[in-house]
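A.B. asks: All you need for our numbering is the position in the sequence shown, starting with 1, plus 56.
Using N, Cα and C, we set each Cβ at its ideal position, and we do this for glycine too.
To start, I am sharing the structure in question, which I have written as structure tokens.
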Amino acid sequence: MMMKKLSLFVFVLALSVSARAQDSRKTMNQLIEENMQFAAQQYKVLMQKVPPAVMPRSYDSSKGGLITSDTKWWCSGFYPGTLWMIYANTKDAAIKEEAEKRLAILEKEKHYTGNHDLGFMMFCSFGTAYDITKKPEYKDVIFIAASSLATRYRPSIHAIQSWDSGKNFNCPVIIDNMMNLELLEWVVKNGGDNRLHQIAVNHANSTLKNHFRPDYSSFHVLDYDLKSGTVARKITHQGYSNESAWSRGQAWGLYGYIVMYRFTKNKEYLTLANNIARFLINHPNLPVDKVPYWDFDAPDIPNAKRDASAASIMASALLELAQYSKGKEKKQYVNVAETMIRSLSSPAYRAPVGTNGGFLLKHSVGHLPGKSEIDVPLTYADYYFIEALARYKKWYL
57 MMMKKLSLFV
67 FVLALSVSAR
77 AQDSRKTMNQ
87 LIEENMQFAA
97 QQYKVLMQKV
107 PPAVMPRSYD
117 SSKGGLITSD
127 TKWWCSGFYP
137 GTLWMIYANT
147 KDAAIKEEAE
157 KRLAILEKEK
167 HYTGNHDLGF
177 MMFCSFGTAY
187 DITKKPEYKD
197 VIFIAASSLA
207 TRYRPSIHAI
217 QSWDSGKNFN
227 CPVIIDNMMN
237 LELLEWVVKN
247 GGDNRLHQIA
257 VNHANSTLKN
267 HFRPDYSSFH
277 VLDYDLKSGT
287 VARKITHQGY
297 SNESAWSRGQ
307 AWGLYGYIVM
317 YRFTKNKEYL
327 TLANNIARFL
337 INHPNLPVDK
347 VPYWDFDAPD
357 IPNAKRDASA
367 ASIMASALLE
377 LAQYSKGKEK
387 KQYVNVAETM
397 IRSLSSPAYR
407 APVGTNGGFL
417 LKHSVGHLPG
427 KSEIDVPLTY
437 ADYYFIEALA
447 RYKKWYL
């Protein structure tokens, strides 16, 4: 009799857990669909404000409203990429038309060799567009951009130089550069020169060896000596201090090594990604809503500025990392990413329709020590937020 009661209890419990899981999936599905419709509305507001020859960058009412950039700015690919992802989910013809217009003014940058950001500029835009449309002309642009990025590879340090040398740096390589390797690996996978794969792997290996601290946080900038091939300095240019964990930098590193594992299946990259994820998820200064402070070591926590862009990048990255994980670890990654998505979807971070200059998210931080883009919307916060929504819908609903 006791065993029957126990079996009945377990059965009822299982039904209850299943029902809650179904309710959660239903709720997330509704949240994602609502966010996509909101994004289409907001970007129709934004597109009316942006002059035809430039890209949106941010919005700051104290500085006159919309802030734009030329197409050489490292963020120039995020706006068209976000438009394409919104279109893929809404099939809104006006969004598609704007996306095509913005690709047209950006295409010339496929030849740009002024810094390492061709991945952000050309793959987040044309790569996203090709994934949705399969237009061969978009693929051609991606191939040329990859060749342009490869010109910045420096054999003596086995890495891609980020910024040009100047009075402050000899040969800087920043953690953000991990995000540009996807461009190279994608081209190789789609029939391009295998030399690009070797460049990507060499860069990932040098970064793995030199950028990370024992706790798996990373420096922002490594300044190399090109003659000796050694690291001259390790600094955190956009963070609180050289030894601090600048939040967006940690997110770039996490995302970058997940991408490299996707293409290479090198378990060393997956191990590092898991270790970075644990550092972030278990950090005592990660807030309950999982939207990080701009730096995990900011001295004014809990009053420090939050960075919605770091949360967006981390959420998208964790959802992919969960694809390569099992059991409790997989569940934890998805749960943390879901909390980030829910937080970013709340009024605390998501702008009301028609406000915020048309951008989706509030409260991002670009370069606080440089007094630039502090507590404002940013194009890449929107891009990775929409990507996280699309990934959750694709993989977990």
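1) Give me the residue from M235, A96 and K166 with the minimum Cα distance to K147.
2) Please state whether DSSP places R447 in a helix, a strand or coil.
3) What is the residue span of the beta strand (DSSP E) that Y115 lies within?
4) Just to confirm, are F39 and T435 a CB contact at a threshold of 8 Å?
5) Is P136 buried or exposed, if buried means 16 or more other CB atoms sit within 10 Å of its CB?
6) Excluding five sequence neighbours on each side, which residues of the same chain lie with their C-beta closer than 6 Å to the C-beta of S325?
7) Hey, quick one: how far does the beta strand (DSSP E) through T124 stretch, first residue to last?
8) Using CA atoms only, rank isn't needed, just tell me which of A202, K361, Y280 and Q217 is closest to R208.
9) How many angstroms separate the CA atom of V243 from the CA atom of F199?
10) What does the Cβ neighbour count give for D232, buried or exposed, with the cut at 16 atoms within 10 Å?
11) Using the rule of at least 16 other Cβ atoms within 10 Å of the residue's Cβ for burial, across every protein chain shown, is D351 buried or exposed?
12) Report the rounded CA-to-CA distance for K449 versus N224, giving the unit in angstroms.
13) What does DSSP give as the partner residue(s) for L278 in the beta ladder?
14) Using 8 Å as the threshold, is the C-beta distance between K418 and A354 below it?
15) Can you tell me whether L453 is buried or exposed, with buried defined as 16 or more other CB within 10 angstroms of its CB?
16) In whole angstroms, what separates the C-alpha of S297 from that of F275?
17) Taking DSSP's pairing of strands, which residues face V421 in a bridge?
18) May I have the straight-line CA-CA distance separating N236 from K384, to the nearest angstrom?
19) Taking the CB atoms as reference points, tell me whether A367 and K386 lie closer together than 8 Å.
20) If I measure Cβ to Cβ from L342 and keep anything under 8 Å in the same chain, skipping five residues before and after, which residues do I get?
21) Does the beta-carbon distance from S204 to L174 come in below 8 Å?
22) Does K166 pass the burial test, meaning 16 or more other C-beta atoms within 10 Å, or should it be called exposed?
23) Could you round the C-beta distance between I213 and G285 to whole angstroms and report it? I think they count as a contact, below 8 Å.
C.D. replies: Let me spell this out:
1) A96
2) helix
3) M111 to D116
4) Nothing about residue 39 can be read from this structure; the chain reaches only from 57 to 453.
5) buried
6) This sequence places Tyr at residue 325; Ser is not what is there. The residues are Y313, M316 and Y317.
7) G121 to S125
8) Q217
9) 6 Å
10) buried
11) buried
12) 44 Å
13) V229 and K290
14) no
15) exposed
16) 10 Å
17) I430
18) 31 Å
19) no
20) L336, P348 and F352
21) yes
22) buried
23) 5 Å
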